[in-house]
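Each remark here refers to the structure printed beneath this line.
There are 2 protein chains.
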Amino acid sequence: MSDRLMTIREMCDTYDVTPRTLRFYESRELLFPERRGQHRLYDRKDRARLTLILRGKRFGFSLEQIRQLLELYDPAERNLTQATATIATARERLADMERQQEELAAAITDLRQQIAEGETMLKTLQSGA
Amino acid sequence: MSDRLMTIREMCDTYDVTPRTLRFYESRELLFPERRGQHRLYDRKDRARLTLILRGKRFGFSLEQIRQLLELYDPAERNLTQATATIATARERLADMERQQEELAAAITDLRQQIAEGETMLKTLQSGA
DNA sequence: GTCGCCCCTTACGTTCACGTCAACTTCACA
DNA sequence: TGTGAAGTTGACGTGAACGTAAGGGGCGAC
């Protein structure tokens, strides 16, 4: 199964991050690995969280924004007002992402066009202007 | 027309950035406004560039990556090898963006699902658990 | 036992993308 | 003629997200 516990090194190799990064995320309360003595051990849930963290980063979110999002994925919310707030900020994040999606689609179309034009220019240059 | 020259303040108001930001972009060679005496004046092309800069930032690109992309939009390339390199890095950026688009779509679907689940939980809490 | 390796904490250093402040010029206007 | 608004350069400050170096514990291999 995938519910094996992983050492920090295994995590780093798997997700291409440094130990410093994982400890840093822990200090910012984005990860909560178990401790076997002094050593950290990461389980399936930790890995899922890390996946979401790295994904969030690629979309340009701050670690704090990501931390708030993670609360949504982690049903530790027993408090009503807390849960309401979590969902509200999640909606904002969702709106951000939807806007970004539209912009991204437009930018991709645009860039494809520019590349095509660039290539046309390139061929002109090659054919000896 | 939109080919009016704009002062730094007009630019700031229009694009919601600070003068410091515009001067910083200039120092990093992302913008090249004219000089009327000491003062900077931004034309249509500068505004187009700024739009692309801000867009790129929202996608999580660094200013240096954006600077390289801008070369593509600016046909000042008279050099063959230079133009080839520019197009090559533009292709990489495009690939990044396409990957990001897929990921983003998946993340949005995912987040919507989580929000839905969160709301279900919320109603359970509200109905008095 | 001691060597190497992996892990730990603490703490200062670094990069990016600006913010902030000081001191100066230039120009419109009272 | 000053005065204030808007612009300039230059230098130092700042927050986020780590990098890096120093010093130390534990543990299997030789």
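Top to bottom, those sequences are chains X and C.
For the record, in the first sequence the residue sitting at position 89 is 89 according to full-length UniProt numbering, with numbers rising by one throughout.
For the record, in the second sequence the residue sitting at position 59 is 59 according to full-length UniProt numbering, with numbers rising by one throughout.
The C-beta atom is built at its ideal place from N, Cα and C for all residues, glycine as well.
{"Query": "Going by the DSSP bridge assignment, what does C/Met-6 pair with across the sheet?", "Result": "C/Tyr-42"}
{"Query": "List, in chain order, every chain C residue whose beta-carbon is nearer than 9 angstroms to that of X/Thr-86.", "Result": "Gly-118"}
{"Query": "Thinking just about the alpha-carbon of each residue, which of X/Ile-108, X/Met-6 and X/Thr-7 is nearest to the one in residue 158 of chain C?", "Result": "In the structure displayed, chain C extends from 1 to 129; residue 158 of chain C sits before or after that span and is not available."}
{"Query": "If you check the beta carbons only, do residue 143 of chain C and X/Leu-50 fall under 8 angstroms apart?", "Result": "The requested residue 143 of chain C does not occur in the structure, where chain C is confined to residues 1 to 129."}
{"Query": "Starting from C/Pro-19, find everything on chain X with Cβ-Cβ shorter than 9 angstroms and list it in chain order.", "Result": "Neighbours of C/Pro-19 on chain X: none; closest Cβ ~24 angstroms, over 9 angstroms."}
{"Query": "Is the beta carbon of X/Arg-55 closer than 8 angstroms to that of C/Leu-111?", "Result": "no"}
{"Query": "Starting from the Cα of C/Leu-125, find the closest Cα among X/Thr-84, X/Leu-30, X/Phe-61 and X/Leu-52 and give me that residue.", "Result": "X/Thr-84"}
{"Query": "Quick one, which of X/Ala-90, X/Asp-74 and X/Leu-122 has its alpha-carbon nearest residue 153 of chain X's?", "Result": "For chain X, the structure presents residues 1 to 129; residue 153 of chain X sits outside this window and is missing."}
{"Query": "Counting only C-beta atoms, is C/Gln-82 closer than 8 angstroms to chain X at any point?", "Result": "no"}
{"Query": "For the stretch 95-113 of chain C, enumerate the residues whose C-beta is nearer than 8 angstroms to any C-beta of chain X, in chain order.", "Result": "Met-97, Glu-98, Gln-100, Gln-101, Glu-103, Leu-104, Ala-105, Ala-107, Ile-108, Leu-111 and Arg-112"}
{"Query": "Using a cut-off of 8 angstroms between C-beta atoms, extract the partners of residue 164 of chain X located in chain C.", "Result": "Because chain X spans 1 through 129 in this model, residue 164 of chain X falls outside it and cannot be assessed."}
{"Query": "Below 9 angstroms on C-beta distance, what does C/Ala-48 contact in chain X?", "Result": "Per Cβ cutoff of 9 angstroms: no residues; C/Ala-48 is ~11 angstroms from chain X at best."}
{"Query": "With DSSP collapsed to three states, give me the class of X/Arg-64.", "Result": "The sequence as given places Glu at residue 64 of chain X; Arg does not occur at that position. If DSSP states are grouped into helix, strand and coil, X/Glu-64 belongs with the helices."}
{"Query": "Out of C/Phe-24, C/Arg-23 and C/Glu-119, which has the shortest C-alpha to C-alpha gap to X/Thr-81?", "Result": "C/Glu-119"}
{"Query": "When you check each C-beta in the stretch 60-79 of chain C against every C-beta of chain X, which residues fall closer than 7 angstroms?", "Result": "Gly-60, Leu-72, Tyr-73 and Pro-75"}
{"Query": "Could you give the residue range of the beta strand (DSSP E) that holds X/Arg-35?", "Result": "34-36"}
{"Query": "I want to see whether chain X comes within less than 8 angstroms of C/Ile-53, judged by CB atoms only; does it?", "Result": "no"}
{"Query": "Taking Cβ positions only, does X/Leu-122 come closer than 8 angstroms to chain C?", "Result": "yes"}
{"Query": "Straight-line CA distance for X/Gln-13 to C/Thr-14?", "Result": "The identity of residue 13 of chain X in the sequence shown is Asp, whereas the question assumes Gln. Answer to the nearest angstrom: the Cα atoms are 46 angstroms apart."}
{"Query": "Roughly how many angstroms lie between the CA atoms of X/Arg-28 and X/Leu-22, to the nearest whole one?", "Result": "10 angstroms"}
{"Query": "Restricting to Cα atoms, I'd like to know which of X/Phe-32, X/Arg-99, X/Leu-63 and X/Glu-34 is closest to C/Arg-58.", "Result": "X/Arg-99"}
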